[in-house]
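Chemist:
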Amino acid sequence: MSITLLTADLTRLGVDAIVNAANRQLLGGGGVDGAIHRAAGPRLLEACRALPPTPDGVRCPTGEARITPGFDLPATCVIHTVGPVWRGGAHGEAELLAACYRNALQLAHEHGLRSIAFPAISCGAYGYPPELAAEVARASLRQVLARAPAPMNVRLCFLNEAMTQLWQRVFNAA
């Protein structure tokens, strides 16, 4: 088990899977989601549209994860997960965010993947405070990886050095 924090463009990493901080419809959007869709090409949107939605159009409920090929990305697969919108912390946000990490790792293991890269799920437009998100990610990742059936190389990837350093402080504190 290894967890590495780095400042890099998630869409350029040569890992088995990158994690998309997606919306519930899985039809692209802004931030990480938009960048992944642009880099993967139009077949990613087609693959997402092929995933069965619920009657209200949800392809991936908050906290769950879905997998598609990576298409034009260096990564083999994209694991889409929907993080919670921050509403003050008393609405199950931490549990839902932890579920994002757990379910993404579970899918990776089910598909025999050995390396995965995560963005800071929910820390952009969904407003999750980065330090609190880092604490949830640290606890969830360490718990899942400690009992994983096979070793997994995990990267946490951030677009700017300030976010990388903030998460590094949280990961080093425990």
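Take the sequence shown: its position 56, counting from 1, is numbered 55 in numbering that gives the first Met the number 0, and each next residue is one higher. Ideal placement from N, C-alpha and C gives every residue a C-beta, glycine not left out.
1. Among S114, Q167, P60, whose alpha-carbon lies nearest the alpha-carbon of P83?
2. How is A20 classed by DSSP in three states: helix, strand or coil?
3. Counting Cβ pairs closer than 8 Å, one from the region 118 to 128 and one from the region 68 to 76, do we hit at least three?
4. Expressed to the nearest angstrom, what Euclidean distance is found between the alpha-carbon atoms of A133 and F170?
5. Among the residues of its own chain, which have a CB less than 8 Å from the CB of N102, if the five just before and after it don't count?
6. How far does the alpha helix (DSSP H) with A39 in it reach, from first residue to last?
7. Answer yes if the region 130 to 144 comes into contact with the region 37 to 44, meaning at least three C-beta pairs across the two stretches below 8 Å, and no otherwise.
8. My understanding is that P150 touches R113, with C-beta atoms under 8 Å, so please give their C-beta distance in whole angstroms.
Modeler: From the atom records:
1. Position 84 of the sequence shown holds residue 83. When only C-alpha atoms are compared, the closest one is P60.
2. As a working note, residue 20 is residue 21 in the sequence shown. Looking at A20 - three-state DSSP - the assignment turns out to be strand.
3. no
4. On the sequence shown, position 134 is the one that residue 133 refers to. On the sequence shown, position 171 is the one that residue 170 refers to. Approximately 7 Å between the Cα atoms of the pair.
5. Looking up residue 102 in the sequence shown gives position 103. The answer, listed in chain order, is G62, E63, A64, T80.
6. The sequence position of residue 39 within the sequence shown is 40, counting from 1. Segment 30 to 39, the alpha helix (DSSP H) holding A39.
7. no
8. The residue given as residue 150 occupies position 151 in the sequence shown. The residue given as residue 113 occupies position 114 in the sequence shown. 7 Å between Cβ atoms; contact.
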